[in-house]
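Those letters in the sequence shown? Residues 1 to 257, by full-length UniProt numbering.
Written below as structure tokens is the structure these notes are about.
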Amino acid sequence: MARVPLPPGFLRLPLAHRALHDRAAGVIENSPAAIRAAIAAGYGIEIDLQLSRDGEAMVFHDDGLDRLTAATGPVSALSAAGLTALTLRGSEDRIPTLAEVLDLVSGRVPLLIELKDQTLAMSETDGRLEAATARLLADYRGEVAVMSFNPHSVAHMARLAPSVPRGLTTSAWDPDEWAPLDPATCARLREIPDYASSESSFISHEAADLPRPRVAELKAEGAAVLCWTIRSPADEACARRIADNITFEGYAAPIPA
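Structure follows, in structure tokens:
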């Protein structure tokens with residue numbers, strides 16, 4: 001296992017959070033329309049993955065279906081066919097598979113893939129989402145990287161897709177915001193102890209917590225520092241004092257010349 005650096009596009013192009021979505025315009029987060037909008041604007045793209053009942057990687061943020069569809073219950077209760085049949089609220093788009101999104105992006109812009117925690121406890125995973133992701137990325141030609149809040153998931157990706165750049169999604173791990181996650185787990189993850197063991201090459205850190213000394217320590221050791229989620233030019237200017245790049249939403253982040 002070896003550390004794989006982020007391709008240069010990830011450090012140049014702002015990354016559209018859950019793709020370039022605009023609910024008021026009927027362009028929903030993580031949707032094909034949002035993917036197309038980001039590509040057209042020339043942004044990199046960040047997306048989220050959940051696992052279907054039958055083991056397919058689905059591009060969807062939440063554990064549950066309620067917020068974004070007319071269905072209820074967990075994503076993991078439905079097959080890929082059942083999930084792709086669901087319309088996203090406020091649009092005509094349906095939940096896409098990772099395979100569909102990879103075909104849509106087709107290497108035109110950098111693609112940052114967050115594997116959502118499947119354990120709800122940041123504990124050891126069964127590896128199914130990671131295996132489904134690695135299988136699809138094996139033949140992908142384009143700038144791509146993977147990350148997760150769950151260090152066990154990143155370790156799985158190191159084993160299953162060693163040539164794909166990987167990183168940790170990190171935060172202040174405020175126990176009140178992460179409840180019902182065990183406060184002891186929050187305390188452990190707060191100091192990003194798994195960076196070296198997962199052979200990560202980057203972190204994507206909570207923007208408000210960027211001044212944390214551990215972030216500076218990792219950057220000094222060569223880690224690329226991305227951040228989430230920037231929602232204004234003022235917040236971007238502040239974040240860029242520390243972060244190498246941003247994940248943004250809700251405004252048109254400038255693209256460097």
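C-beta: ideal position from N, C-alpha, C; glycine also.
Since the model is a prediction, treat every value here as computed from it, not as a measurement.
query, result
"Proximity to methionine 147 [Cα-Cα], best of Leu168, Pro162, Gly44, Arg141", "Leu168"
"Span separating the alpha-carbon of alanine 131 from that of serine 200", "18 Å"
"Pairwise C-alpha distance: phenylalanine 149 and glutamate 236", "22 Å"
"Beta-bridge pairing of aspartate 22 - partner residues as DSSP gives them", "Val27"
"CA nearest to the CA of serine 198, picked from Cys227, Pro162, Glu217", "Pro162"
"At least three beta-carbon pairs within less than 8 Å, the region 103-111 to the region 73-93", "no"
"Contact under 8 Å by Cβ, proline 14 with alanine 253", "yes"
"Whole-Å CB distance - histidine 61 paired with glutamate 29, under 8 Å assumed", "6 Å"
"Exposure label - leucine 49; buried when at least 16 CB within 10 Å", "buried"
"Straight-line Cα distance separating serine 232 from leucine 65", "29 Å"
"Minimum C-alpha distance to arginine 18 - residue among Asp54, Val4, Ala2, Ala38", "Ala38"
"Beta strand (DSSP E) segments (min. 3 residues) lying fully within the region 144-197", "144-148, 166-170"
"First and last residue of the uninterrupted alpha helix (DSSP H) at isoleucine 35", "32-41"
"Residues of its chain near leucine 129, where Cβ-Cβ distance is below 7 Å and the 5 sequence neighbours each way are ignored", "Leu49, Leu51, Ala57, Leu115, Gln118"
"Run of the alpha helix (DSSP H) containing aspartate 235, from where it starts to where it stops", "233-239"
"Beta strand (DSSP E) segment containing leucine 111, residue limits", "111-115"
"Proximal residues to alanine 239 (C-beta, below 8 Å), its chain only, five neighbours per side dropped", "Ala207, Leu210, Cys227, Ile230, Ile246"
"Proline 96 and proline 32 closer than 8 Å at C-beta", "yes"
"Coil, strand or helix - arginine 212 by DSSP", "coil"
"Beta-bridge partners of glycine 107, as assigned by DSSP", "Bridge partners of glycine 107: none, in fact."
"DSSP beta-bridge partners of aspartate 48", "Glu114"
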